[in-house]
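Numbering-wise (this note's numbering), the sequence shown opens with residue 1 and increments by one.
A virtual CB, placed ideally from N, CA and C, is assigned to each residue, including glycine.
Data first, discussion second: the structure below is written as structure tokens.
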Amino acid sequence: MAQQRKQPKSGERKGSLPVVYVLNGPNLNMLGLREPTIYGKETLADVEKLCRAAGSRLGLAIDFRQSNHEGELVDWIQEARSKAAGIVINAGAYTHTSVAMLDALNAAEKPVVEVHLSNIFRRESFRHHSYISLAAKGVICGFGPKGYVLALEALAETI
Ligand code: CA2
1 MAQQRKQPKS GERKGSLPVV YVLNGPNLNM LGLREPTIYG KETLADVEKL CRAAGSRLGL
61 AIDFRQSNHE GELVDWIQEA RSKAAGIVIN AGAYTHTSVA MLDALNAAEK PVVEVHLSNI
121 FRRESFRHHS YISLAAKGVI CGFGPKGYVL ALEALAETI
């Protein structure tokens with residue numbers, strides 16, 4: 001039997017393209033400005049540019065956001081339930097603490113890919129546990145900004 005391709009609902013599309021929310025958590029606005037040895041020299045604006053280029057190539061509309069506030073991130077994840085076809089998320093330090101974000105991601109019922117710039121498993125042990133992973137289809141870490149592109153490629157195949 002021919003495989004049926006799932007079409008995103010209209011609220012999950014911008015024009016004719018499926019929308020992917022790319023959400024960034026606390027302190028990621030500091031990228032490229034501090035700690036280049038851990039996080040590299042590229043800024044969050046550079047990461048956004050990479051995501052937009054990948055989105056154009058993959059046929060995805062990218063909605064790229066950053067917040068330092070857990071509640072705002074939870075609001076955006078809730079919004080993604082009706083407006084996005086998938087979520088790429090680097091929750092920053094909330095990765096290791098936020099049950100609220102995990103609950104929101106589970107409730108969103110969308111494919112989620114978790115991204116980290118650094119290899120969290122080569123760092124302090126408190127970074128080895130992620131609440132976000134419990135809601136994620138997959139996790140990419142340690143490849144710097146390229147991890148966002150890999151996440152979008154993985155999502156494009158799922159959506
Ligand atoms: O590796 C990642 O992407 C992290 O999500 C980054 C978070 C960290 O808490 C996670 O354990 C791993 C921290 C983001 C802070 O980024 C900064 C960038 C430049 C200067 C200061 C902070």
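- In this structure, ligand 1 has a non-hydrogen atom nearer than 7 Å to the beta-carbon of M30.
- Boundaries of the beta strand (DSSP E) harbouring Q66: A61 to Q66, taken from the DSSP string.
- Contact check between the stretch 49 to 56 and the stretch 68 to 86: fewer than three CB pairs, one atom from each, fall below 8 Å, which does not count as touching.
- Look at the beta carbons and you see the stretch 34 to 42 not touching the stretch 124 to 143: under three pairs across the two are nearer than 8 Å.
- In its chain, beyond the 5 residues on either side, G86, P111 and K137 have a beta carbon closer than 8 Å to the beta carbon of T158.
- Exclusion of H128 from the 7 Å shell around ligand 1 follows from its C-beta lying no nearer than that to any non-hydrogen atom of the ligand.
- No Cβ-Cβ contact shorter than 8 Å links Y94 with V115.
- When the five nearest sequence neighbours on each side are left out, the beta carbons in the same chain lying within less than 7 Å of the beta carbon of A100 are those of E70 and V74, in order along the chain.
- CA-CA distance, A156 to L60, rounds to 7 Å.
- It is roughly 6 Å from the alpha-carbon of A104 to the alpha-carbon of I77.
- Leaving aside the five residues that flank L117 on each side, the residues in its chain whose CB is nearer than 6 Å to its CB run, in chain order, Y39 and G144.
- If the five residues before and after A151 are omitted, its C-beta is found closer than 7 Å to the C-beta atoms of V88, V113, V115 and I140, all from its own chain and listed in chain order.
- In the DSSP assignment, L17 falls within the beta strand (DSSP E) that extends over L17 to N24.
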